[in-house]
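Under the numbering used here, residues 1 to 674 are what the sequence shown spells out, in order. The structure appears right after this line, and notes come after that.
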Amino acid sequence: MGNDGYLPLFETKRAKGRTLYRVFAGSIFVGICLIWSYRVSHVPRHGEDGRLVWIGLLAAELWFGFYWFLTQAHRWNLVYRQTFKDRLSHRYGNELPGVDIFVCTADPVIEPPMMVINTVLSVMAYDYPPEKLSKLYEDMKNQVENVAKLGRLPEVHLRHKGFSEWDSYSSRHDHDTILQILIDGKDPNEKDSEGCVLPTLVYVAREKRPQYFHNFKAGAMNALVRVSSAISNGQIVLNVDCDMYSNNSLAVRDALCFFMDEKKGHEIAYVQFPQNFDNITKNELYSSSLRVISQVEFHGLDGYGGPLYVGTGCFHRRDTLCGRKFSREIHNEFKIDIPKDREREETIAVLEEKSKVLASCTYENNTAWGKEMGLKYGCPVEDVITGLSIQCRGWKSVYYNPERKAFLGVAPTTLAQILVQHKRWSEGDFQILLSKYSPAWFANGKISLGLQLGYCCYCLWATNCLAVLYYSIVPSLYLLRGIPLFPELSSPWFLPFAYVVISKYMYSLAEYLWSGGTVLGWWNDQRIWLYKRTSSYLLGFIDTIAKSLGLHSDSAFVITAKVSKQEVYRRYVKEIMEFGDSSAMFTALATIALINLVCLIGLMKKAILNEGIPIIYETMLLQFVLCAILVLINWPLYQGLFFRKDNGKMPKYIAIKSIVLAVSSCTCFTLFLT
């Protein structure tokens, strides 16, 4: 309690041990500087073996050091939030703002309709006055599929005229706006079987025409913002993906504790909850939980002004989504009261017809929608760029990670799914870096330096591919020729390399375990870290550069599958990695893994035949350890290539192609040096 008797609706606590961590990080930085000094002072002379590769290693290590510096923005100033919902209830009672909830979906094959309905039902069960809640879900394609497969609409839909309108259309890409208020929350007769008042529920399928680009999820969200403004106009907007069901009925009240705080609430544009998943295996085979991001990194960003907007599980002020700039003159405007028996000024039919116009293809022509209003267009990660633009208008955001998870979703269950998902994320983030909205220059002076560095860390995901790819291949190839690229064991320069590597990975393990993971889960996380940087990020980097040069069209919005075949899912539960899909990324992963295996076998053969094991131990220990770890971490991939007989093994043509590429690379490299 303050001196004026004010009781805040939330409190912020800084993480303990910050000083100790900063001392530790400082020692790591000293070690990194010593590694750079070694590389610069020991460059081979002209004509000596390894000069060019040495310079390449210097460039890679400069990048690793620079990127490590960026990641400190996520760990330098962690904060944690605590809400006081009892104070909110005591202070405001039911005088709470209206909340509109958006549930977006697009494809019934990878986003099953039953999943969508379960999500809608979960958010309808919030502990909140029902007359203040409105749910709008943008759900189109599943209705088209039902019409196409059955030749008619299922019986359960016949009593809803909005669904029956699909009979007039044969294509999901060419239809009028279909909109129906399924439940009118302002009608006192709308009650469930137990006599409880129901919230408003609206079905929307925005107009689509082949000649108009529909802007994927961003276009759907903007249409829902406009439609909801005419029907319910809640001052708070929550959007969730169709698989991200509510797991905490008090989440709305948690969010309102931030928005309605009298002293700090007026600064907050959105409250972001973490993405959590209910189908994660014990050891997180594909590292799908984003554990360190949700438990550490976003808390660090929150200490500098707020986290990214991640596209789901986020409560927004409606006016900030519509482009309002922050001003110190803004005061808390949420204390409102809507009587339960309030009637609409117009009939439902009239309201539906008027609202349809707001979801038409041409409504946004010559407007600021997609630019200064709503979610921004033209980027595969429309959520991140939208959140950044909101923060650059002076607003802050809040990250709230309650003990009981607010939302639970479905994580990818195959390696191909996780790689495709991260290709889209890394490609979209890299596009932001190269765009006019880049956090490197657009956000300069508009947000804190720590938050700016935090954004840059994610926007540079794709560029990590170059240094990691170089380090994953070149040192191993040079083992075949016996050319050392790292200091000898007896050299004092060995110490900074050993200290940085051991300290960095020991801290990474401790951080992962502190976040609730397991040792094997951390090892799987390191494997996926490598796979993403040598496949997903590589393709994302290439596609973004090609697009920037005009050699590639706009990136497609790829939806991550939410379901998998039973056989595939059984292997996932058993934590057996899935390679059964055909993917160019699998070819890259298999080739790199086989190059390291060939190099390690070649080195061991040479050492045994020539009795050179002590020499290798003394002169090339770090190089050998790097190659050996790369082989060890790729063990599931070798199983998929050579040992497995199930349908999850690596496709034969990818295995053959990878073997040919790996053997050819090693052979050509050896002959070229000879």
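Built from N, CA and C at the ideal position, the CB exists for glycine as well.
Check                                                                                                                                                              : Outcome
Hey, could you find the ends of the alpha helix (DSSP H) Ile545 is sitting in?                                                                                     : Tyr537 to Ser548
Taking C-beta to C-beta, are Ser397 and Gly516 nearer than 8 Å?                                                                                                    : no
Which stretch, first to last residue, makes up the alpha helix (DSSP H) that contains Leu600?                                                                      : Ala584 to Leu609
Pick helix, strand or coil for Cys314, following the three-state DSSP scheme.                                                                                      : strand
Decide if the stretch 297–315 is in contact with the stretch 241–258; the criterion is three or more beta carbon pairs, one per stretch, under 8 Å apart.          : yes
Excluding the 5 residues flanking Lys376 on each side, which residues of the same chain have their C-beta closer than 8 Å to its C-beta?                           : Ala218, Gly370, Glu382, Ile385, Thr386, Ser389 and Tyr437
How big is the Cα-Cα spacing for Tyr245 and Ser289?                                                                                                                : 16 Å
Determine, using beta-carbon pairs with one atom in the stretch 495–509 and one in the stretch 23–32, whether at least three such pairs fall under 8 Å.            : yes
Output the distance between the C-alpha atoms of Cys599 and Tyr478, rounded to the nearest integer angstrom.                                                       : 8 Å
Quick one: residues in its chain with C-beta nearer than 7 Å to the C-beta of Ser122, no 5 flanking neighbours on either side, listed in chain order?              : Tyr245 and Ser246
Please state whether DSSP places Ala759 in a helix, a strand or coil.                                                                                              : Nothing in the structure corresponds to residue 759, since the chain is present only between 1 and 674.
With a CB to CB cut of under 7 Å and the five nearest residues on each side skipped, what residues in its chain are close to Phe541?                               : Phe430, Ala462, Thr463 and Cys465
Give the secondary structure of Glu11 by DSSP, where H, G and I count as helix, E and B as strand, and everything else as coil.                                    : strand
Pair every Cβ in the stretch 172–185 with every Cβ in the stretch 348–355, then say whether three or more of these pairs are closer than 8 Å.                      : yes
Name, in chain order, the residues that DSSP records as bridge partners for Phe407.                                                                                : Ser246
Is the Cβ-Cβ distance between Val252 and Val99 less than 8 Å?                                                                                                      : yes
Would you call Val23 buried or exposed, if buried means 16 or more other Cβ atoms sit within 10 Å of its Cβ?                                                       : exposed
Give the DSSP-derived three-state secondary structure of Tyr363 in the structure shown.                                                                            : coil
Is any beta-carbon of chain C found at less than 8 Å from that of Gly98?                                                                                           : Structure shown: chain C not included; a single protein chain is present.
Rounding to the nearest angstrom, what Cα-Cα distance links Gln566 and Asp646 in this structure?                                                                   : 14 Å
Below 8 Å on the Cβ atoms is my contact criterion, and I expect Ala73 with Tyr304 to pass it. Report the Cβ-Cβ distance as a whole number of Å.                    : 7 Å
Can we say the stretch 587–606 touches the stretch 655–672, given the rule of at least three CB pairs closer than 8 Å?                                             : yes
Pull up the DSSP beta-bridge partners for Trp369, would you.                                                                                                       : Met373
Compute the Euclidean distance between the alpha carbons of Glu372 and Thr320, then round it to the nearest angstrom.                                              : 10 Å
Between Pro129 and the ligand ATP, is there a pair consisting of the residue's CB and a ligand heavy atom that are separated by less than 7 Å?                     : Looking at this structure, you won't find the ligand ATP or any other ligand, since it has none at all.
Ordered along the chain, which non-local residues of its own chain (more than five positions away) have a Cβ less than 7 Å from that of Ser535?                    : Leu419, Met585, Ala588 and Leu589
Distance, Cα to Cα, His42 vs Ser448?                                                                                                                               : 39 Å
What did DSSP end up calling Cys322 once you bin it into helix, strand or coil?                                                                                    : coil
Starting from Tyr92, trace the alpha helix (DSSP H) both ways and give me its first and last residue.                                                              : Lys85 to Tyr92
Going by C-alpha to C-alpha distance, which of Thr281, Ile613, Phe494 and Leu451 sits closest to Met684?                                                           : Because the chain spans 1 through 674 in this model, residue 684 falls outside it and cannot be assessed.
Using the Cα positions of His214 and Pro380, report the straight-line distance between them to the nearest angstrom.                                               : 13 Å
I'd like the list of long-range same chain contacts for Asn276, defined as Cβ closer than 6 Å, with 5 residues on each side in sequence excluded.                  : Lys405 and Leu408
Hey, how far is the Cα of Asn283 from the Cα of Gly454?                                                                                                            : 28 Å
Output the boundary residues of the beta strand (DSSP E) element that contains Asp100.                                                                             : Val99 to Cys104
So, for Gln391: in the same chain, excluding its five sequence neighbours on each side, which residues have a beta-carbon less than 6 Å away from its beta-carbon? : Ile447
In angstroms, rounded to a whole number, what distance separates the CA positions of Trp493 and Arg481?                                                            : 22 Å
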